[in-house]
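Engineer:
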Amino acid sequence: MATLSLDFYQSHDTLTLSQLLLGCELVHESPDGTTAGIIVETEGYLTDDPACHAYRRQTTRNAAMFGPAGTLYVYQIYNHYNCINVVTSPEGIGEAVLIRALEPTEGLDLMAIRRNDAFKTGFERYRNNTITIDTADGQRNLCNGPGKLTIAMGINRQTHNGASLITSKLFIRGPVLHDFDMVTTTRIGITQGVDLPYRYYVKGNRYVSKK
DNA sequence: AAATTGATGGGCT
DNA sequence: GCCCATCAATTTC
10 MATLSLDFYQ SHDTLTLSQL LLGCELVHES PDGTTAGIIV ETEGYLTDDP
60 ACHAYRRQTT RNAAMFGPAG TLYVYQIYNH YNCINVVTSP EGIGEAVLIR
110 ALEPTEGLDL MAIRRNDAFK TGFERYRNNT ITIDTADGQR NLCNGPGKLT
160 IAMGINRQTH NGASLITSKL FIRGPVLHDF DMVTTTRIGI TQGVDLPYRY
210 YVKGNRYVSK K
């Protein structure tokens with residue numbers, strides 16, 4: 010399946026893209042190896058939406074959101090975690106799609122190594138945690154949340170915030186999942202705009218972070 | 001089973 | 001100083 014083009018990111022509004030990205034495959038061809046997973050859960054953030062990081066003004070943190078469509082916005086949340094967004098608005102406007110969960114398809118062993126390394130260097134209380142991919146539960150645990158998938162895919166703020174999904178080693182391939190039912194609901198973990206139905210996920214998919 | 005809480009970085013309200 | 005688009009252990013029905 011072909012890599013999504015600039016034209017694709019430019020041709021739809023943010024909420025449409027939030028839905029169209031479901032079933033597409035996020036791929037990272039890193040120096041350590043390739044990992045990939047099907048996007049099964051997204052949230053849209055709009056410029057007139059109080060929950061959006063770009064709601065007020067451009068700052069050093071949210072600057073990438075004001076880049077062209079197809080730019081990656083990576084931000085840090087709650088200490089050690091990062092979350093990734095696809096910018097979906099023209100340059101100068103800050104809208105994006107948060108990728109909240111992946112169904113892993115490639116490089117599960119590398120994902121587990123990265124998650125386990127993160128446990129060792131992360132919060133002291135989780136240092137003894139281990140993920141194994143021998144079980145279905147272990148595999149489900151790799152990428153079923155925005156903080157987890159960012160670790161498993163080897164994405165970090167330093168090298169990926171502001172990067173282009175069109176020209177870099179991190180990109181999205183066109184839909185590999187077809188004919189699924191989609192659930193539309195409210196977003197998770199926010200304190201503003203809590204009633205807006207901007208969260209979408211693949212119905213029945215076991216890798217979705219939360220029902 | 002569900003609700004609560006601790007960890008403690010980095011950018012601003 | 002204060003506030004988080006989280007994760008996983010712990011506590012509480």
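The first sequence begins at 10 in the working numbering and counts up one residue at a time. Even glycine gets a Cβ: it sits at the ideal position worked out from N, Cα and C.
Any idea which residues DSSP pairs Gln67 with across the strands?
Structural biologist: Partner(s): none; Gln67 has no beta bridge.
Engineer: Could you tell me the distance, in whole angstroms, from the CA atom of Lys178 to the CA atom of Glu50?
Structural biologist: Using only the alpha carbons, I get a separation of about 22 Å.
Engineer: How many Å lie between Ser14 and Ile175 at the Cα?
Structural biologist: One C-alpha to the other measures close to 6 Å.
Engineer: Measure the beta-carbon distance from Pro113 to Gly46 and round it to whole angstroms, keeping in mind my assumption that it falls under 8 Å.
Structural biologist: Correct: roughly 4 Å between the Cβ atoms.
Engineer: Is DSSP giving Pro113 helix, strand or coil here?
Structural biologist: Note: Pro113 maps to strand in three-state DSSP.
Engineer: Whole angstroms is fine: what's the gap from Ser222's alpha carbon to Gly163's?
Structural biologist: Here the chain covers residues 10 to 220 and nothing more, so residue 222 does not appear.
Engineer: To the nearest angstrom, report how far apart Leu26 and Val106 are at their CA atoms.
Structural biologist: Near 8 Å, if we compare the C-alpha coordinates of Val106 and Leu26.
Engineer: How is the alpha helix (DSSP H) around Ser27 delimited, first residue to last?
Structural biologist: Start and end: Thr23 to Leu29.
Engineer: Taking just the CA atoms, how far does Val185 sit from Thr42?
Structural biologist: Per the sequence shown, residue 42 should be read as Gly rather than Thr. Each residue's Cα considered, the two are about 21 Å apart.
Engineer: So does the region 189-206 actually touch the region 55-63, counting three or more Cβ pairs closer than 8 Å?
Structural biologist: Output reads yes: the region 55-63 touches the region 189-206.
Engineer: Could you give the DSSP three-state label for Gln85: helix, strand or coil?
Structural biologist: Three-state DSSP puts Gln85 in a strand.
Engineer: Considering Gly53, what are the terminal residues of the beta strand (DSSP E) in which it resides?
Structural biologist: Segment Gly42 to Tyr54, the beta strand (DSSP E) holding Gly53.
Engineer: At the level of alpha carbons, what is the spacing between Ala72 and Thr23?
Structural biologist: Taking the straight line from one Cα to the other gives about 18 Å.
Engineer: Report the three-state DSSP secondary structure of His37 (helix, strand or coil).
Structural biologist: Looking at His37 - three-state DSSP - the assignment turns out to be strand.
Engineer: Would a C-beta distance cut-off of 8 Å place Met74 and Tyr64 closer than the cut-off?
Structural biologist: Not in contact: Met74 and Tyr64 (Cβ atoms no closer than 8 Å).
Engineer: If we count the other Cβ atoms within 10 Å of its Cβ and call it buried at 16 or more, is Ile86 buried or exposed?
Structural biologist: Flag for Ile86 reads exposed.
Engineer: Report the rounded CA-to-CA distance for Arg66 versus Ile181, giving the unit in angstroms.
Structural biologist: Taking the straight line joining both Cα atoms gives about 28 Å.
Engineer: Expressed to the nearest angstrom, what Euclidean distance is found between the alpha-carbon atoms of Ala145 and Ile160?
Structural biologist: Computed Cα separation, rounded: 19 Å.
Engineer: Roughly how many angstroms separate the alpha carbons of Gln19 and Ala78, rounded to a whole number?
Structural biologist: Those two C-alpha atoms are separated by around 6 Å.
Engineer: Are the Cβ atoms of Arg124 and Ile140 separated by less than 8 Å?
Structural biologist: Going by C-beta atoms, Arg124 is nearer than 8 Å to Ile140.
Engineer: Hey, would you say Glu100 sits closer than 8 Å to Gly76, going by beta carbons?
Structural biologist: Contact: yes.
Engineer: Should Tyr54 and Glu104 be called a contact, given that it needs their Cβ atoms to be closer than 8 Å?
Structural biologist: In contact: Tyr54 and Glu104 (Cβ atoms closer than 8 Å).
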